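Q: Got a structure here, written out as structure tokens. Questions coming.
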Amino acid sequence: MRNQTVGLGLGSLGGVPLGNPYLSGNPALQFSNPVGLNANAIQAVSLGNLNNCLGVGQNLGSPRNDNYKARNTLNTHRSGRLDSTTRRNSNGSSLGDEDADEENSLGLRRNPNTKAEGGVKKGQPRLEYKRVDQVWDSTIHNFKLQDTAQTSTNSRYNEYLFHVRRTFDWEGKYKATVVDIKSKQLREALRDIIGTTKGLTLVEDTPKLDPNMLFLYLEDLREHMTNLKDLEPEGKDKKERKKIQKWIDQKRRHLRILIKYLDEDYAQVKKSLYPLLENGLITFDLCWALWKPNTLAYTTTYGCADEPRMFKVEMANKHSSMLKGDFFYVEGKYFEYDGKQFGYGSMAEEISDFRGARKITSLNCYPLKYHSNEAQVRKDLIERGKKFVSLAGSHYKSHKGLAYYKKKKAVIKVNINGRIMVDPSTHRRTNPNYPVSLVRPKDHDLLEDFDDSDEEGGCCGSDSDDEAADGGKALIDDEDRAKYVTKAIKDKDGNVSMVRISKDDLTSNDKDSLEGLSGRDDDTLNTGETSDENDDKNAVTRDFGEEEYLIASPVVLGFAFAEKLWLELSVSGVKEISWNDSAYDSLVLEPKTKDIVRALVESHKYHAAESIDDVIQGKGKGLVFVLHGPPGTGKTLTAEGISELLKCPLYNVSAGDLGTDSRLLEGELQRVLDICHAWGAILLLDEADVFLEKRNMHDIHRNALVSIFLRQLEYYQGILFLTTNRVETFDDAFQSRIHIALRYDELDTKAKKAIFKIFVERVRSLQEIPITSFTEEDYNTLARHDLNGRQIKNTIRTAQALAVNRGEPLGMKHIIQFLDVLGNFEKDLKGGPGYQDAMRSYF
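Numbering (this note's numbering), first residue to last: 1 to 843.
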């Protein structure tokens with residue numbers, strides 16, 4: 001009879017060489033083979049159990065091997081060596097885990113041609129997979145592999161509708177309570193009530209919810225349970241309706257249990273919370289109760305109380321920081337426009353820790369319903385939201401109010417009172433690293449036929465036209481682009497495909513997400529047309545809901561021309577421009593000269609396609625004026641008058657704005673020229689001598705500046721005015737690039753008399769300031785003074801201030817008084833009394 005005394009089970013003595021000196025000769029370990037197993041089949045015996053089994057014999061009775069003896073002389077140190085991942089055989093060769101197929105656990109070599117367990121030949125992978133953990137073994141100071149522990153499924157708790165699970169940290173301290181929803185009926189009810197909420201998913205098998213979140217929907221749960229009672233099941237037959245009714249009844253019962261739990265666990269919270277809310281108060285610990293998802297929150301624009309704004313709450317969580325302490329982080333979304341499409345941007349507000357109860361309206365962010373004048377706030381913000389939507393695209397406007405820009409994580413406030421260009425797309429492209437919110441489309445399945453290849457500016461694409469792979473031919477013409485849209489749809493089998501459908505066939509929600517996409521065509525900007533000319537093109541009817549207008553952004557991205565800053569301009573401060581139609585007519589120039597200038601600029605703007613082109617396409621299509629003459633003779637006024645005449649922006653830059661570093665000049669000049677071309681703006685480069693001066697062999701730096709300016713000027717397609725006082729220093733290469741040069745001489749008596757009349761009549765038109773009558777003799781007297789146009793303007797302005805301060809009508813005495821002071825200053829500039837004495841002796 002074959003018997004087996006189990007002291008070391010098969011599979012528990014792995015990797016021990018048969019010839020190991022620690023096992024040979026030990027009478028306590030004798031193995032017999034009762035079933036005639038080949039020695040190579042005895043394997044996978046763990047050495048970890050060897051010390052526990054020492055002294056226990058196992059008689060295997062092998063017919064081929066009478067007995068194997070092992071010495072029971074293993075000490076702790078030697079057994080530790082045997083337990084290591086890398087072992088030595090009797091010959092001293094290293095045996096690692098990869099040698100498991102070559103040598104069995106008893107040190108017996110396996111026949112290479114024999115099959116391993118499961119009938120798999122040596123060298124072939126087993127058709128299974130194994131879960132193992134790589135863990136650190138402190139005894140061998142190395143990582144080792146071990147079987148993965150089986151995770152508990154907690155099946156004994158699956159019979160409950162939901163679990164109220166308290167979580168603890170590794171120190172055993174309480175962290176939070178989580179509700180695990182097990183009931184399918186509850187999951188369906190919560191999806192109907194809560195819907196899609198940021199940070200919460202109700203589609204997984206066991207949604208994990210914050211009980212505070214459930215408490216915020218407590219009354220909604222009650223209402224839903226009541227509505228289910230009156231719900232009539234719909235089905236094809238009686239059996240199906242009965243099945244649906246059973247499901248509804250189960251859902252009501254499950255909801256009742258959930259409501260019961262919330263009522264019991266939050267009984268104390270209700271006693272504290274409800275009295276506080278009734279009195280418009282809140283404590284920091286209960287701030288979470290204010291932020292039910294989709295709540296309309298009221299706050300300010302960058303801390304400016306005069307510019308309120310609203311956003312829609314998505315989630316609010318309590319955070320802790322060593323620097324800030326405890327605070328609530330309220331995240332939400334607002335209605336935004338990125339230059340191409342309308343959508344939702346992300347924003348967040350923080351509520352710092354405070355002690356005791358505080359007025360809800362004293363928080364820097366609170367629900368709109370607690371505002372003392374909610375109705376008026378809604379009305380004002382809806383009107384502002386409609387104005388925000390109307391500013392989609394590119395618009396030349398005036399602004400009076402605050403504007404903002406971010407710098408080093410701080411918000412800088414600037415008071416802007418002047419002309420601006422509203423253009424979010426160019427702002428984002430020009431300042432790709434400026435921190436602005438990315439717009440999330442209202443429908444991610446709708447794709448408008450625009451080129452969105454520019455990734456540099458975030459969500460706004462490039463205004464440049466990229467050629468298609470078919471040789472530059474447009475895939476979709478402009479007419480189709482305006483009528484159709486691409487949408488991702490899914491068929492009944494779940495296959496997704498892209499189809500082109502008419503915008504007329506879209507649902508109202510889909511149309512809302514498209515509104516404004518066609519409101520700004522990038523090609524329109526390149527024509528030089530401003531808001532007055534292309535309003536009809538941009539005036540796409542945009543019918544958004546009241547909520548979109550309420551949460552619309554309080555700022556638009558744009559550029560302030562006087563300050564030369566890219567800013568976030570307050571929507572409430574954007575105004576229509578009051579054009580000065582008489583500016584060009586008031587310019588004191590020869591009538592023939594004025595006619596030529598006017599004809600050139602109007603032809604360039606309105607009839608650019610009819611003009612001849614250079615041999616090289618896109619080259620030499622600009623219009624360059626050089627205005628030279630003494631200061632105060634009307635050079636700058638000419639450019640300003642042309643801007644008012646054409647009703648287009650005037651971008652005034654100087655050498656200081658561009659810099660004199662040749663390494664930076666080209667990029668900065670190119671940026672300015674591109675912006676002017678896109679906006680159809682007139683570029684005025686004041687005091688351009690530094691870029692136009694003659695080149696020489698000794699000043700390489702100046703030569704580089706002139707070369708860069710020449711090259712950029714050659715390809716500029718807009719209107720450029722260059723002013724200088726030293727035309728004789730111009731480089732010869734500029735002569736062929738100048739279309740017309742206007743010389744401005746010193747003002748004669750007739751010109752000065754006309755300028756005095758213009759400014760006096762301008763004061764008279766103000767009506768608030770009384771003014772005496774001026775005779776022709778008065779104007780002749782004033783014209784005899786040696787003044788330029790700028791000095792005449794300053795004289796009238798100063799005399800006006802003097803008259804207002806005295807409470808008198810503006811008259812000749814005020815002007816003469818200032819001219820006397822100005823005359824003394826002129827004498828001092830020319831050398832004082834000694835200069836006059838020298839002049840008298842000369843004559």
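Note that CB positions come from ideal geometry on N, CA and C, so glycine has one too.
Note that the structure is predicted; figures quoted are calculated from it, not measured.
Kindly list the residues whose CB is nearer than 7 Å to the CB of Gly-823, restricted to its own chain and excluding five residues on each side of it in sequence; keep chain order.
A: Excluding positions up to five away in sequence, the list is empty.
Q: Inspect the CB distances between the segment 391 to 403 and the segment 374 to 383 and report whether three or more fall short of 8 Å.
A: With the cut-off at 8 Å, the segment 391 to 403 and the segment 374 to 383 do not touch.
Q: Could you check which residue in Asp-169, Val-597, Asn-227, Gly-632 has the C-alpha nearest to that of Gly-793?
A: First, the residue type needs correcting, since residue 793 is Lys and not Gly in the sequence shown. It is Gly-632.
Q: Determine contact between the segment 274 to 294 and the segment 313 to 322, defined as no fewer than three beta-carbon pairs at a distance below 8 Å.
A: Yes, the segment 274 to 294 touches the segment 313 to 322.
Q: Please work out which residues of its chain come closer than 6 Å, Cβ to Cβ, to Gln-250, disregarding the five sequence neighbours upstream and downstream, and give them in chain order.
A: Hits under 6 Å: Gln-185.
Q: Considering only their Cβ atoms, is the gap separating Phe-730 from Leu-692 smaller than 7 Å?
A: Going by C-beta atoms, Leu-692 is nearer than 7 Å to Phe-730.
Q: Do Thr-148 and Met-135 come within 7 Å of each other at the CB atom, strictly closer than that value?
A: The sequence given here places Val at residue 135; Met does not occur at that position. The answer is no: Cβ separation not under 7 Å.
Q: Leaving out the 5 sequence neighbours to the left and right, which residues in its chain are closer than 8 Å to Lys-312 when beta-carbon positions are compared?
A: Cβ within range, chain order: Asn-294, Thr-295, Leu-296, Ala-297, Gly-332, Lys-333, Tyr-334, Glu-547, Ile-551.
Q: When burial is assigned at 16 or more other CB atoms within 10 Å of the CB, is Lys-605 buried or exposed?
A: Its Cβ being crowded by 16 or more others within 10 Å, Lys-605 is buried.
Q: Pick helix, strand or coil for Gln-134, following the three-state DSSP scheme.
A: DSSP places Gln-134 in strand when its eight states are reduced to three.
Q: Which partner residues does Ser-736 have in the DSSP bridge list?
A: Beta-bridge pairing links Ser-736 to no other residue.
Q: Nearest-angstrom Cα distance between His-254 and Lys-270?
A: Cα to Cα, the separation comes out at about 23 Å.
Q: Under the criterion of a Cβ to heavy atom distance below 6 Å, does Thr-177 qualify as lining the ligand HEM?
A: Only the bare structure without any ligand can be found here, which leaves the ligand HEM out of the picture.
Q: Take the Cβ of Asp-661 as the centre, count every other Cβ of all protein chains shown within 10 Å, and call the residue buried at 16 or more, exposed below.
A: It is exposed - the Cβ of Asp-661 has fewer than 16 other Cβ atoms within 10 Å.
Q: Just the Cα atoms here: how many angstroms apart are Phe-559 and Val-422?
A: About 7 Å.
Q: Do the CB positions of Cys-648 and Gly-622 come within less than 7 Å of each other?
A: Going by C-beta atoms, Cys-648 is not nearer than 7 Å to Gly-622.
Q: May I have the straight-line CA-CA distance separating Tyr-157 from Glu-188, to the nearest angstrom?
A: Distance between the alpha carbons of Tyr-157 and Glu-188: 20 Å.
Q: Note down, one range per segment and in chain order, each alpha helix (DSSP H) of at least 4 residues found wholly within the segment 183 to 259.
A: The segment 183 to 259 contains these whole alpha helix (DSSP H) runs: 184 to 194, 211 to 216, 218 to 229.
Q: Could you spell out where the beta strand (DSSP E) holding Trp-679 opens and where it closes?
A: Counting along the chain, Trp-679 falls outside any beta strand (DSSP E), though it belongs to the alpha helix (DSSP H) covering 662 to 679.
Q: Buried or exposed for Ala-639, going by 16 or more other Cβ atoms inside 10 Å?
A: Ala-639 is buried by the Cβ-count criterion.
Q: Which term fits Trp-579, buried or exposed, when burial requires 16 or more other beta carbons within 10 angstroms of its beta carbon?
A: Exposed: under 16 other Cβ atoms inside 10 Å.
Q: Check this for me: beta carbons of Ile-758 and Ser-586, under 7 Å apart or not?
A: Contact flag set, yes.
Q: Would Val-597 be called buried (16 or more neighbouring beta carbons within 10 Å of its own) or exposed?
A: Label assigned to Val-597: buried.
Q: Is the Cβ-Cβ distance between Arg-886 and Leu-281 less than 7 Å?
A: A query on residue 886 cannot be resolved here, the shown segment of the chain reaching from 1 to 843 and no further.
Q: Judging by CA-CA distance, which residue of Thr-299, Glu-568, Pro-554, Asn-433 is the nearest neighbour of Val-414?
A: Comparing Cα-Cα distances from Val-414 to each of Thr-299, Glu-568, Pro-554, Asn-433, the minimum goes to Glu-568.
Q: Taking 6 Å as the limit between beta carbons, can you name the residues of its chain near Gly-325, skipping five residues before and five after?
A: Only Asp-353 meet the Cβ criterion.
Q: When the Cα atoms are used, what is the spatial distance from Glu-826 to His-785?
A: Approximately 11 Å between the Cα atoms of the pair.
Q: If you draw a straight line from the C-alpha of Gln-670 to the C-alpha of Gln-712, how long is it?
A: Answer to the nearest angstrom: the Cα atoms are 7 Å apart.
Q: Roughly how many angstroms separate the alpha carbons of Arg-663 and Ala-704, rounded to a whole number?
A: In a straight line, the C-alpha of Arg-663 is about 9 Å away from that of Ala-704.
Q: Going by the DSSP bridge assignment, what does Tyr-337 pair with across the sheet?
A: Beta-bridge pairing links Tyr-337 to Phe-342.
Q: Quick check: what's the CA-CA separation for Val-178 versus Lys-208?
A: One C-alpha to the other measures close to 6 Å.
Q: Going by beta-carbon coordinates alone, are Val-556 and Lys-387 separated by less than 7 Å?
A: Not closer than 7 Å, so no.
Q: At 3 residues or longer, what runs of the beta strand (DSSP E) sit wholly inside the segment 351 to 421?
A: Within the segment 351 to 421, the complete beta strand (DSSP E) runs of at least 3 residues are 357 to 359, 365 to 367, 395 to 407.
Q: Report the CB separation of Ile-740 from Phe-625 in whole angstroms; it is logged as a contact under 8 Å.
A: Yes, they are in contact, since the Cβ atoms of Ile-740 and Phe-625 sit about 6 Å apart, within 8 Å.
Q: If you draw a straight line from the alpha carbon of Val-727 to that of Ala-733, how long is it in whole angstroms?
A: C-alpha separation (whole angstroms): 13 Å.
Q: Can you tell me which of Gln-150, Lys-813, Arg-428 puts its alpha carbon nearest to the alpha carbon of Lys-130?
A: It is Gln-150.
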